[in-house]
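Chains as they are written, first to last, in the numbering used here: chain E, 17 to 465; chain F, -14 to 299. One structure below.
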Amino acid sequence: MSRTITIQPITRIEGHAAIGIQLDDGGNVRDAHLDIMSLRGFEKFVEGMPAEELPRIVSRICGICPWMHHLAANKAVDRCFGATPPPAGHKLRELMQTIAHAEDKLLHFFFLAAADFVIGPDSDYAVRNVIGIAKANPELAQRVVKMRFLAKMILDKFSSKTIHPVAGVPGGFSKPLLEEERLDMLAKMHEILDFALFTIEFAKKEVFPKYLDTIQTLGVIKTGFMGTVDSAGALNLYDGKIRLMKPDATFVAFDPQDYIAYIGEHVAPNSYGKFPYARCWNEGFSLDLENPKGVYRANTLARINVADRMATPRAQAELEEFRAAFGRPAQATLLYHYARLIEEVYACERAIEILQDPGITDPEVRTAAEPRAGRGVGCVEAPRGTLLHDYTTDENGLIVSANMIVGTTHNLGPMNMSVNQAARALIRNGEVTEGILNRIEMAVRAYDP
Amino acid sequence: MTVKVASEWLNSCSGCEISILDTGERLLDVLKVADFVHIPALMDHKYFGQLGDGRHIEIPEADVGLISGGIRNQEHLEVAEEMRRKCKVIIALGTCATHGGIPALTNAYTTDEVLERYYGTETTDPPAAYPSQGLPPLLDACYAVDEKIKVDIYLPGCPPHPDHIFGALVALVEGRPPTLPGKSVCDTCPTVRKGKGELKTMRRFLQNPVYGAPDEPLDRMRCLLEQGYLCMGPVTRAGCGGEAIRPRCIAARVPCRGCYGPVRPNGNQMMDMLNALASNGIDVRSLPGIKSLLRFSGAHHLLRPVSPERRPHP
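Below, the structure is given as C-alpha cells:
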C-alpha cells in the first residue's frame, strides 16, 4: 500500500525541481522532499576567463533576474581590479536593479502566484494560471501586462538589453543618463508606484483575508533569516551589511567580503543544488521540522524581518502595518507574498528617489580598470535572496577561482521543510487530490524559487 | 484559428520564456492564437499525471513545440524525445537550444571536473559522494537540441528578440515558415567604419569607447572593432535588435559577444573571428581567454575538454 508521488515539474517557478512524497502503508507521509534537478557548473567554466567578461556570462545563471548576477559580478570585478565606480556609476546600477526588482515582483505575484489565490488552489489546472486570469478578468490582466511591460521597457530602452544586460561594466556603467531620459523614466515610475499601491491594497482587501487560515498553516516553519541593510539598519537591495538573524530575533551583521566565516553549504544525496546554512551558529545542519539546525531563509520575508525599517515612507507605513499584525520575525511562509508587495512599493519609491538625485545624470559613469591579481566578493539582494559572487584573479586579470551562492539556494533547506510540513499536514490516510498536491506546491511557490 | 503549443525549458535560464512575455501587450494576442497545453513556467501540467502516480514522462500532443535550453542530463533528453513524439513542429528557441549557449562552456571540461569544483568550493562541506539519488544523471556534455532530436525551425538569440518569437508564432498560425535575418550583426550596425586601420592588437573592454557627447547618435560612433575592442559582430547572426534592427549591445556602447550564434548555421564563431582578425593584421595572441569566443556556440563538439597535462595552469 506504500507508494511514491512525484510532482514534476514543479510549475510556475523559475527552475527545474520536483517534489517526492513517500507514503507509508497507512497512506500517511513517511518522507517528503524537494529535489533540484539541474546543475550547470558556472563555478568551473568561468575559470581562465578575463574577469571583465564575467558580468556578461554569469547573467545567464538566471533569465528572470539577470540584472542581479550582472551587478554582483560587476561589484566583484570592481574589487578584483581595484576600480571604484564614480557615484553615477553606482547610482545607475542601483536604478536598473531597483526597477528590475519592481518588474520581477509584479511578474511573480500576478503571472506565477496569483492564480492559486484568484482562480483558487483547487481549481482545474487548465485554467489555474495567468491565461485563466486573463480570461476571467481581462481588465485586470490587461493592466498587469501593461504595467509589468512598462517597467521592463524602461530597462530595455535605456540599457538596450535587459534580458542578459550588458550596460553594467567593471568600474561603473557603460553610458550616462540623459535629462530627457530621466524625466521619461520618472513619469513612468510614478505610474508603476501607483500600480504597486493598488496591488498591495487589492491583496490586503481581496486576497489575503480569504486565505488567512491557509497563511497561518501552510508550509509554516520556524527558521532564522538573512538580508542586507544600510548603515541605518534600513532594507537595502544594492549594498550594505548582511544581517543573519536567529529565530529569536537576535542577529549578527557582517561585511559580504567575510561571508565564508558565516555561511556553509551542505550537500544532500537527493539534490544537485547545495544547501547553504548558518555555519557561524555552530550547531551543524538539520532540516528536522521540530528541531532544525543552521536553517535560515532569504528573499522578501527575510529582508523585511531583518531590517529595522524601510527607507521610504509608503513602504515604511506598510511594514508597520505588517509588523503590527504578524510580529518580527514573521514566520508564516505565505507571508512571503505580502512581504513581496511591500518590497514592490519600496522598489518603486527608491527608483523615484534615485531619479530625483541630481547626480544621476552626471556624465562620468565609469572608472577605467586595470587587470591585476585580486579577490572580490560582489553582493546584491536578488529578488530570491542574498546573492554572492566571489572571484579571485591572477596578475593578468583572468579568473583563478569563482564561488557563487545564488539567492534561491539559501531557501532550498527551508523549502524542503515547508514541503515536508505541508505534505504531512495535508495528506492523511492515503487521500490525495490535485488540490492537495497543488497546495503543497504553493508552499514552494511562496519562496519564488 | 489557433495552434496548440507545448513549451519546455531544458539546460536553460528561463530568459527565453521571459522574452515570450516581453512580447508585451502583443502577449494577449499571442494567447488568442496560441493554445498552450504545456508550459512549466506558466501552467501546471505535470509529466507524471496530475496525481503524480504515472511512470513515464508525458506531454500532451501539440502543433508546435518550443524547446529552450540545451541537453545536459538524462531528463532533458527524455523530455526532448517526448516533445519530438508529440509535436508536429519543433522550434529550437534561443541559442542554448540551437548552439549550446553559455552553459555549453561546460564542454571545455569533463563532468567530473565540474562536479569536483561545484562540490568543492570554499563554502561547501565535502560530501561523501556526489548527489545522485533520484536525480537524472548528467550526460558527458551539453548538447544542442538538434544533436539529439530533429529540429524543424531555429530561432537563436540570447534571448531571441520578442519580435522574432511573435513573428514565428504568427507565421505558424498562418501555416508558413517564419523568416529570420540571415545577415551579420556588422551588416546591420550603424556605427562608422573607416576601413583597415593601424590596429595591431586588441584591447580588453576595461574602459568605455570614445563616442563624443553623451547623446551622440549611434551612427556617429566609430566602429568598436576599429576602436580596438573585440566585437563579434562580423561573425554573429543579426537579429538581436528585432524590428528596430540596430544591435542591442552596441547601442549600449558595449561590443557584441555573439549571442545570436554564427552567421552561417554551421559556422565556428571562434575560428571565423580569429581568421577575420588575422587577415586584418591583428595579433590574435593579444586576446586573452580565446575559448570564450565560443561562449555561445560550444555544442556540436566545438568545445571539448583539454587533457589536464595540456591545459595551461591559470
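No residue lacks a Cβ here, since even glycine has one placed at the ideal position from N, Cα and C. The model shown is predicted, which means the values in this text are computed figures rather than measured ones.
Take residue i and list the residues in its own chain whose beta-carbon comes closer than 7 Å to its own, dropping the five residues that flank it on each side.
i	result
E:M458	D132, P137 and L234
F:P122	N58 and Q59
E:D51	A33, A34, G36, N286 and S287
E:E195	T377
E:A265	R344 and P345
To which residues of the same chain is residue i closer than 8 Å at the C-beta, ignoring the five residues directly before and after it?
i	result
F:P299	In this predicted model, F:P299 has a pLDDT of only 45, less than 50, meaning its place in the structure is not dependable; the value taken from the coordinates is given anyway. The answer is none, since no qualifying residue turns up.
E:G375	P103, A104 and K107
E:Q113	W83, M84, L87, L253, Y254 and V396
F:G182	E211
E:A250	A323, D324, R325, M326 and A327
F:N253	P247, L279, S282 and L287
F:N193	R238
E:N445	G42, G43 and N44
Once the 5 residues before and after residue i are set aside, which same chain residues still bring their CB inside 6 Å of it?
i	result
E:V322	F241, G243, R259 and M261
F:A126	N92
F:E98	none
F:R233	C225 and G226
F:R242	M217
E:Q6	A question about residue 6 of chain E goes unanswered here, because the residues of chain E that appear run from 17 up to 465.
E:R319	G243 and L251
E:I21	I37
E:I80	E30
Quick one: is residue i buried, meaning 16 or more other Cβ sit within 10 Å of its Cβ, or exposed?
i	result
F:S169	buried
F:M(-14)	exposed
E:R28	buried
E:G42	exposed
F:K179	exposed
F:G105	exposed
E:L228	exposed
E:A5	Residue numbering for chain E in the displayed model covers 17 to 465; residue 5 of chain E lies beyond these limits and cannot be assessed.
F:G266	exposed
F:D257	buried
E:G423	buried
E:Q437	buried
E:P379	exposed
F:R40	exposed
E:A333	exposed
E:Q158	exposed
Based on DSSP bridge pairs, tell me the residues matched to residue i.
i	result
F:M28	According to DSSP, which records beta bridges pairwise, F:M28 is partnered with nothing at all.
E:M433	Paired residues: none, contrary to the question.
E:D406	E:V393 and E:N419
E:A250	E:R325
F:I52	F:E(-7) and F:A77
F:D20	F:K(-11)
Taking residue i as the reference, which of the options has the closest Cα?
i	options	result
E:A142	F:C234, F:H23, F:N253 and F:R238	F:H23
E:I443	E:V381, E:Q24 and E:D40	E:D40
F:L124	E:T402, E:L70 and E:L55	E:L55
E:T449	F:Q35, F:A223 and F:I5	F:Q35
F:C244	E:E30, E:G64, E:I231 and E:I73	E:I73
F:G50	F:G142, F:A19 and F:M258	F:A19
E:D246	E:T328, E:T377 and E:H180	E:T328
E:T178	F:N(-4), F:C216 and F:G0	F:G0
F:R69	F:T80, F:I87 and F:P45	F:P45
F:A129	F:P250, F:E2, F:L259 and F:V239	F:P250
F:P240	F:A261, F:C216, F:I230 and F:C174	F:C216
E:A129	E:N153, E:I149 and E:L111	E:I149
F:G79	F:N260, F:L209 and F:I3	F:I3
F:L165	F:K71, F:T8 and F:A223	F:A223
E:K220	E:F338, E:H49, E:F126 and E:I276	E:F338
E:A99	E:G187, E:N90, E:T402 and E:M53	E:G187
E:I421	E:S18, E:C78 and E:A67	E:C78
F:N(-4)	F:I56, F:D29 and F:Y196	F:I56
E:R76	E:F165, E:R164, E:P181 and E:P25	E:P181
When every heavy atom of the ligand NAD is checked, does at least one fall within less than 6 Å of the C-beta of residue i?
i	result
E:R76	Looking at this structure, you won't find the ligand NAD or any other ligand, since it has none at all.
| request: Examine the Cβ distances between the region 439 to 458 of chain E and the region 58 to 70 of chain F and report whether three or more of them are shorter than 8 Å. | output: no
| query | Would you call the region 366 to 386 of chain E and the region 174 to 193 of chain F touching, i.e. three or more CB-CB distances under 8 Å? | reply | yes
| query | Any chance the region 333 to 350 of chain E sits against the region 143 to 162 of chain E, with 3 or more Cβ pairs inside 8 Å? | reply | no
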